[in-house]
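Residue numbers (this note's numbering): 67 to 142.
Right, dumping it as structure tokens:
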């Protein structure tokens, strides 16, 4: 098992990504200043938050710099 994150025990998992997905994960981690594992954990947390909000009937909105709102649809 890996180290702790927020006091939780970590499970080591193996999965496959496409080259493009891995490059995007690396870029995201670099911009966030975290490891690829931490970036992936955070992405899972955000995805779960969005799915739960949508299941409760909430809309997820994106506001552009110009102030224009659009609804974000997560499929799946």
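Glycine included, each C-beta is placed from N, C-alpha and C at the ideal position.
Computed from a predicted structure; not experimentally measured.
| Query | Result |
| --- | --- |
| The beta strand (DSSP E) enclosing residue 45, as first and last residue numbers | Residue 45 falls outside the range modelled here, since the chain spans only 67 to 142, and no answer is possible. |
| Paired residues, beta bridge with residue 135 - DSSP | 129 |
| Sufficient close CB pairs (3 or more, under 8 Å) joining the segment 88 to 97 to the segment 105 to 113 | yes |
| Presumed contact (8 Å Cβ cut-off) between residue 112 and residue 125, rounded CB distance | Not really, about 16 Å apart at Cβ, beyond 8 Å. |
| Where residue 124 sits in the DSSP three-state scheme | coil |
| Residue 96 versus residue 119 - alpha carbon distance | 28 Å |
| Distance between residue 81 and residue 130 (C-alpha atoms, nearest Å) | 34 Å |
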